[in-house]
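Q:
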Amino acid sequence: MTEETAPRGVDPTVPSSARIYDALLGGKDNYESDREVVGMLTEMYPFAQATAVENRAWLGRAVRYLAGEAGIRQFLDIGAGLPTQENVHQVAQAVDPACRVVYVDNDPIVLSHGRALLSGTDNVTVFAGDLADVEAILAEARGFLDFGKPVAVLLSAILHFFDDEADPFRIVGILRDALPPGSYLALTHGTNAEDRPDSKEFTDAYARRSSSGLFLRDSAEVARFLDGFEPVEPGVVYAVRWRPDPGAAPRPVEQAPVWAAVGRLS
């Protein structure tokens, strides 16, 4: 995209986490400012693009598990990001066309492209929302999903944009308490990469160049997001090790340092 085509209310000179992710995935819905951040990230960490690709691959596997083995028919994808290949509704509805999917994001470009993509698509909607105001998201989602039946909440690569002061654990707790038994939480989260001495340099650089900070956590901290949920095997692991496709050669974890987990609400 070019700066001249930016929708009203979007400053194309300010990088967006959603558009940075799109650029890392090889998408076209991003601006020069976003691509500059991608260049900086890749220079600091050559596997930045691989990390984004593996995170997206995990999302597809998680949704196939949830719609298939777990039998979930309702999905709430918060921080959905820009449409790309194997979107949640496409994966879920390949299992059962009756699956209902709600996409939520706070980026105007995500909303614009999402609405265009989903025009005429059954059982799918998209609306504006910010995880920081989780009660508002739940209120609007209840108009499309039946919270008397199990719902899968997807938080793919979003919680690491919340520092401890924002208390993302409380936010996830509000989501958990709104869900009926049999519901699921599926999430990914950037690792704090204890074995990488430049991890703070990386997050500081991201914060300087992007519209949001990046707050990495270890596996024990990520496991706290599953409080009240029963972890689905194999628990909190690197995304490349979460139920990899049969016969797939997993990428070394240092090339995709992202935690992944799925939990079931009893």
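Take the sequence shown: its position 70, counted from the start at 1, is 54 in my numbering, and no numbers get skipped. Just so you know, even glycine gets a beta-carbon here, dropped at the ideal spot from N, CA and C.
1) According to the neighbour-count rule (16 or more other Cβ atoms, all chains shown, within 10 Å of its Cβ), is Ser17 buried or exposed?
2) Quick one: what does DSSP say Pro30 is sitting in, helix, strand or coil?
3) Quick one, which of Val118, Asp148, Arg3, Asp130 has its alpha-carbon nearest Gly65's?
4) Measuring alpha carbon to alpha carbon, tell me which of Leu129, Gly98, Pro215 ends up nearest Pro67.
5) Is it the case that the Cβ atoms of Val85 and Asn107 are separated by a distance below 8 Å?
6) Taking the beta strand (DSSP E) that Gln74 belongs to, which residues open and close that run?
7) Whose C-alpha, out of Glu53, Gly219, Asn39, is nearest the C-alpha of Leu267?
8) Give me whichever residues DSSP pairs with Gln239 in a beta bridge.
9) Please list the segments of the beta strand (DSSP E) lying wholly inside the region 76 to 158, counting only runs of 3 or more residues, in order along the chain.
10) Quick one: grab the DSSP three-state call for Gly166.
11) Less than 8 Å between the CB atoms is what I'm expecting for Asp62 and Ile142, so what's the real figure, rounded?
12) Below 8 Å between beta carbons: does that hold for Ala51 and Val79?
13) In whole angstroms, what is the alpha-carbon distance linking Phe261 and Gln74?
14) With three or more C-beta pairs closer than 8 Å as the rule, is the region 195 to 213 touching the region 12 to 26?
15) Measure the alpha-carbon distance for Asp211 versus Leu95 and round it to whole angstroms.
16) Just grab the DSSP bridge partners of Val246 for me.
17) Can you give the beta carbon distance from Pro228 to Thr35, rounded, assuming they're within the 8 Å contact cut?
18) From the DSSP output, in three-state form, read off Val221 for me.
19) Evaluate Gln69 with the Cβ neighbour count: other Cβ atoms within 10 Å of its Cβ, from every protein chain shown; 16 or more gives buried, anything less gives exposed.
20) For Ile56, which three-state DSSP category applies?
21) Less than 8 Å between the beta carbons of Pro165 and Lys133, yes or no?
22) By how many angstroms is the C-alpha of Pro(-1) removed from the C-alpha of Ser103?
23) Please check the pair Val251 and Trp243, which I expect to be a contact at CB under 8 Å, by giving their CB distance rounded to whole angstroms.
24) Go ahead and pull the three-state DSSP assignment for Arg227.
25) How is Asp6 classed by DSSP in three states: helix, strand or coil?
A: In brief:
1) buried
2) coil
3) Comparing Cα positions, the closest option is Arg3.
4) Gly98
5) yes
6) Careful: Gln74 lies outside any beta strand (DSSP E), inside the alpha helix (DSSP H) at 72 to 79.
7) Beyond the ends of the chain as shown, which are -15 and 250, falls residue 267; an answer cannot be given.
8) Paired residue(s): none; Gln239 is not in a bridge.
9) 84 to 89, 108 to 112, 136 to 140
10) coil
11) Looking at the sequence provided, one finds Ile at residue 62 rather than Asp. Indeed, because the Cβ distance is near 7 Å, the residues count as touching under 8 Å.
12) yes
13) The question about residue 261 has no answer here: the residues shown for the chain are numbered -15 through 250.
14) no
15) 31 Å
16) In the DSSP secondary-structure assignment, Val246 is bridged to Ala170.
17) With a Cβ gap of about 16 Å, Pro228 and Thr35 do not count as contacting.
18) strand
19) By the 10 Å Cβ count, Gln69 comes out exposed.
20) coil
21) no
22) 27 Å
23) Residue 251 is absent from the model: the chain starts at -15 and stops at 250.
24) coil
25) helix
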